[in-house]
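Notes to accompany the following structure.
Numbering (our numbering), first residue to last: 76 to 387.
What follows is the structure, given as structure tokens:
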């Protein structure tokens, strides 16, 4: 990747979130604790789904993949953020910046498609229970994951090819704690007006389309439950409310940044803390503490671990 771009700029300076020493200390521990929770929580879900045969179902297969994606998406930015806060060295090389951008959009694109697959799984389970196992077969689940990765890679590459060849000749300060298309493109030495609309048409469209697809699917689920339960939506709304909250939290920063021409404020970098640190730790919480099958599976796993260690 070093030979692709012959511009003057060979590295970028990430301004970060704050210049205050006290805020640096707070952010360091905030990101450190949250990232540790993200690693432990999501890996524990994956491990539990693999080990416990009671969880070998389409919903938990997709959940395990979502956990891996949450861990991957968070890992594209948070470790670098923690390192910058600890060493106070906020420099990132041009190749590493481009690599970070690429994987952010690959992981983000995959997660959006996977969220649609999970919503479709819940819709099928609730609205077509007799055909659930036929529709959500193992082949269908694997196909969802494969298609998600294909869409994610295409989504990232279709934007990345335009940015990688932009000339960068200074300044080199990125007003954020990570590299992304909008902030980096502003530093290019050419007019990026047309490229802005490429990003909006791509990232903006996939964000909006996925968000409204998910909202529509949840509405169908609620309507179906309402019809079958004589108007009692309390249980279904309780179950779906947490899912809807995560969807809103995940997509609001994306739509804020990509749906219209790039903002001139620094608000988006604060909003994306939600996507990189908060949402990835909310998913394990929601799908374990609020899920009876997962709680029972964790208890069985705990007993198995305790039993194998010889503790009475």
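No residue lacks a Cβ here, since even glycine has one placed at the ideal position from N, Cα and C.
Exposed unless 16 or more other CB atoms sit within 10 angstroms - verdict on residue i
i           : result
residue 350 : buried
residue 180 : buried
residue 159 : buried
residue 258 : buried
residue 248 : exposed
residue 101 : exposed
residue 203 : exposed
residue 116 : buried
residue 293 : buried
residue 123 : buried
residue 78  : Caution is warranted here: a pLDDT of 43 is assigned to residue 78, below 50, making its placement in the model unreliable, and no coordinate value can be reported.
residue 344 : buried
residue 371 : exposed
residue 166 : exposed
residue 358 : buried
Cβ separation of residue i and residue j, assumed to be a contact under 8 angstroms, to the nearest whole Å
i           : j           : result
residue 70  : residue 185 : A query on residue 70 cannot be resolved here, the shown segment of the chain reaching from 76 to 387 and no further.
residue 270 : residue 193 : So it is not a contact: roughly 33 angstroms between Cβ atoms.
residue 242 : residue 265 : 6 angstroms
residue 188 : residue 222 : 7 angstroms
residue 172 : residue 237 : Not a contact, Cβ separation roughly 15 angstroms.
residue 373 : residue 363 : 7 angstroms
residue 275 : residue 226 : With a Cβ gap of about 18 angstroms, residue 275 and residue 226 do not count as contacting.
DSSP state of residue i mapped onto helix, strand, coil
i           : result
residue 241 : coil
residue 166 : strand
residue 249 : strand
residue 217 : helix
residue 88  : strand
residue 140 : helix
residue 151 : coil
residue 130 : helix
residue 33  : For residue 33 there is no data in the structure shown, the boundaries of the chain being 76 and 387.
residue 231 : helix
residue 274 : helix
residue 223 : helix
residue 284 : helix
residue 158 : helix
residue 366 : coil
residue 118 : helix
residue 208 : helix
residue 108 : helix
residue 289 : helix
residue 83  : coil
residue 261 : coil
residue 267 : coil
residue 255 : coil
Cut-off 7 angstroms between Cβ atoms - residues of its own chain near residue i, not counting five sequence neighbours on either side
i           : result
residue 177 : 231 and 235
residue 288 : 191
residue 211 : 133, 196 and 199
residue 111 : none
residue 319 : 293
residue 183 : 148
residue 228 : 181
Same chain only: Cβ atoms within 8 angstroms of residue i, ignoring 5 sequence neighbours per side
i           : result
residue 330 : 279, 282, 283 and 286
residue 354 : 145, 321, 324 and 325
Residue-chain proximity (residue i, chain B), Cβ-Cβ < 8 angstroms
i           : result
residue 237 : This model lacks chain B altogether, as it is built from one protein chain only.
Contacting residues, own chain, Cβ-Cβ under 6 angstroms from residue i (five flanking each side not counted)
i           : result
residue 152 : 253 and 351
residue 207 : 199 and 200
- Of all the alpha helix (DSSP H) runs that stay within the bounds of the segment 311 to 361, which reach a length of 4 or more residues? Listed in chain order, the complete alpha helix (DSSP H) runs (minimum 4 residues) inside the segment 311 to 361 are 342 to 348.
- Task: Let me know the beta strand (DSSP E) ranges lying completely inside the segment 164 to 203, each 3 residues or longer, listed in chain order.
- Result: Taking only runs of at least 3 residues, the beta strand (DSSP E) segments lying wholly in the segment 164 to 203 are 166 to 168.
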